[in-house]
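Notes follow once the structure below has been shown.
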Amino acid sequence: MRDDADRPRAAVMPDDDPPLDPAGSAALIAAQRARVAAETDVDGRLLFGVWGAAWLLGFGALWAVAGDRPALGWSPAAAGVLFAGLLVAAMVVTSVHVARRTSGVHGTSSLQGAMYGWAWFLGFVAVFALASGLTRAGAGAGVVQVAMTLVPPLLVGVLYMAGAAIWRDRAQFALGAWILVVTIVASFVGTPGMLAVMSLAGGGGMLAAAVAEAVRRRS
Amino acid sequence: MPAPGDLDPVIHTQARLRIMTTLTALPPGDRLTFPRLQSLLDATAGNLSTHLRRLEDAGYVAVTKGHIGRVPATHVEATRAGRRAFEDYVAQLAALLTPPAGTRGEPAPSKGTSA
Numbered sequence: 001m002r003d004d005a006d007r008p009r010a011a012v013m014p015d016d017d018p019p020l021d022p023a024g025s026a027a028l029i030a031a032q033r034a035r036v037a038a039e040t041d042v043d044g045r046l047l048f049g050v051w052g053a054a055w056l057l058g059f060g061a062l063w064a065v066a067g068d069r070p071a072l073g074w075s076p077a078a079a080g081v082l083f084a085g086l087l088v089a090a091m092v093v094t095s096v097h098v099a100r101r102t103s104g105v106h107g108t109s110s111l112q113g114a115m116y117g118w119a120w121f122l123g124f125v126a127v128f129a130l131a132s133g134l135t136r137a138g139a140g141a142g143v144v145q146v147a148m149t150l151v152p153p154l155l156v157g158v159l160y161m162a163g164a165a166i167w168r169d170r171a172q173f174a175l176g177a178w179i180l181v182v183t184i185v186a187s188f189v190g191t192p193g194m195l196a197v198m199s200l201a202g203g204g205g206m207l208a209a210a211v212a213e214a215v216r217r218r219s
Numbered sequence: 001m002p003a004p005g006d007l008d009p010v011i012h013t014q015a016r017l018r019i020m021t022t023l024t025a026l027p028p029g030d031r032l033t034f035p036r037l038q039s040l041l042d043a044t045a046g047n048l049s050t051h052l053r054r055l056e057d058a059g060y061v062a063v064t065k066g067h068i069g070r071v072p073a074t075h076v077e078a079t080r081a082g083r084r085a086f087e088d089y090v091a092q093l094a095a096l097l098t099p100p101a102g103t104r105g106e107p108a109p110s111k112g113t114s115a
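Protein chains in written order, with UniProt numbering: chain A, 1 to 219; chain B, 1 to 115.
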């Protein structure tokens, strides 16, 4: 018999589960908060991880087949197809993951997320339109490749920094700034070295961000 | 010194505490569809409805029926009053769980001062 069973408020909750004590309530709150976070947060470890891997391997493959003495015997087209495949895979993983985590959540943050998602989508449509525009203007394959190596990371860096401002995420801000610095460096390195810079420093930077996020979550 | 009996009885049950924790974990202005809330709580629809009605009666949650496309959907969100009540609950809980050191003789500030 609980000694407080006769206190008046006990009568208004006969509908329930076992009575709570303060420590039990605190534990319940902590457990449920952790669960909501685990099931609704977009996971930077996964997203930075897949994009970092796609850049590392994709730009790496492009670099390995480029230049006068390529490290790999593949045709440049094969490397291009590999890169495109990696980017599509990363995009699919991102879309599925974000859709699952944010499913059933509506209101302010879903509006923010949708606007941000459209910024990515239209931004990349514009990047591909740029490739076509350059070709029409008579740019050779070399010029188009330089543009297509540097402009996408430029857009990614800017969008990460803007996303960091929306969600006040310092890690994402640092990653966006890093990608822009890498893009600036790559611009001055020229071809085909810029591909190695984007692979190692760009893709590597994203993988480092994924690891940093994993460490942050463990502490 | 607050007593466990002072905790808001609308919130102070396992089911409703978990509902309020879930809804207030989202930023203000966000709402959850009924099925998503149900899955985050592992609750049955009937049980969840019962507790939501109690919270709605207290003004702590708002339940809105609308549509997503053409599919009817029920949304649930914590109201401003609900968020405040939950914050108060958490603060009271913290006060109950930290025994005031050496303040036995002092009057408890949280009791009898409210109008």
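The beta-carbon is built from N, C-alpha and C at its ideal position, and this holds for glycine as well.
In this text, all values refer to a predicted model and were calculated from it rather than measured experimentally.
- Against R31/B, the close residues of chain A are H106 and G107, in the order they occur along the chain (beta-carbon pairs closer than 7 Å).
- The residue from A114/A, H106/A, M115/A and L150/A with its alpha-carbon nearest to that of V127/A is L150/A.
- Sequence-ordered contacts of the segment 78-92 of chain A with chain B are nonexistent [C-beta pairs closer than 9 Å].
- In the three-state DSSP reduction, P72/B falls in the strand class (E or B).
- For the set I166/A, G176/A, V146/A and Q32/A, the Cα lying nearest the Cα of F59/A is the one of V146/A.
- For V42/A, same chain residues with a beta-carbon under 8 Å away, outside a window of 5 residues either side, are H97, V98, R101 and T102 in chain order.
- By the criterion of a C-beta distance shorter than 7 Å, A81/B is surrounded in its chain by G59 and Y60, once the five residues flanking it on both sides are discounted.
- Every alpha helix (DSSP H) of 4 residues or more that sits fully in the segment 103-181 of chain A is shown, in chain order, as 108-136 and 141-167.
- DSSP places R69/A in no beta strand (DSSP E); its state is neither H nor E.
- In the structure shown, L93/B adopts helical secondary structure according to DSSP, grouped into three states.
- Its Cα nearest to that of W55/A, the residue L87/A stands out among G190/A, L87/A and R45/A.
- Taking a C-beta distance under 9 Å as the contact criterion, A162/A and G176/A qualify as a contact pair.
- Among the residues of chain A, those whose CB is under 9 Å from the CB of P27/B are G107, T108 and S109, following chain order.
- If you ignore the 5 residues before and after V76/B, its C-beta comes within less than 7 Å of the C-beta of L23, R31, L32, F34, L37, L52, V61 and V63, all in its own chain and listed in chain order.
- In the structure shown, the three-state DSSP call for G66/B is strand.
- For the segment 29-60 of chain A, residues whose beta-carbon sits nearer than 8 Å to a beta-carbon of chain B comprise I29, Q32, R33, R35, V36, A37, E39 and T40.
- Separation of the CB atoms of L195/A and R18/B is rounded to 51 Å, and the pair is thereby denied contact status at 8 Å.
- Residues of chain B whose Cβ lies closer than 7 Å to the Cβ of P22/A are, in chain order, P4, L93, L96 and L97.
- For A171/A, no chain B residue has a C-beta closer than 8 Å to its own C-beta; the minimum C-beta separation is roughly 19 Å.
- Using a Cβ-Cβ cut-off of 9 Å, H67/B is close to nothing in chain A; its nearest Cβ partner there is about 12 Å away.
- Judged by beta-carbon spacing, L159/A lies beyond the 9 Å limit of A209/A, meaning their Cβ atoms are not closer than that value.
- Between A129/A and V144/A a beta carbon distance of about 12 Å is seen, past the 8 Å cut, so the two are scored as non-contacting.
- Under the DSSP definition of a beta bridge, E77/B partners with A62/B.
- Under a 10 Å Cβ-count criterion, V92/A is classified as exposed, with fewer than 16 other Cβ atoms of the shown protein chains found around its own Cβ.
- Here P153/A is buried. Its C-beta has 16 or more other C-beta atoms within 10 Å.
- Counting along the chain, L37/B sits inside the alpha helix (DSSP H) bounded by residues F34 to L41.
- No Cβ-Cβ contact shorter than 9 Å links V211/A with M198/A.
- In the DSSP assignment, G193/A falls within the unbroken alpha helix (DSSP H) covering G193 to V197.
- Annotated three-state conformation of D41/A is coil, per DSSP.
- With its beta carbon at least 9 Å from every one in chain A, L55/B lies outside the interface.
- Within a 10 Å sphere around the beta-carbon of G190/A sit fewer than 16 other beta-carbons, which makes this residue exposed.
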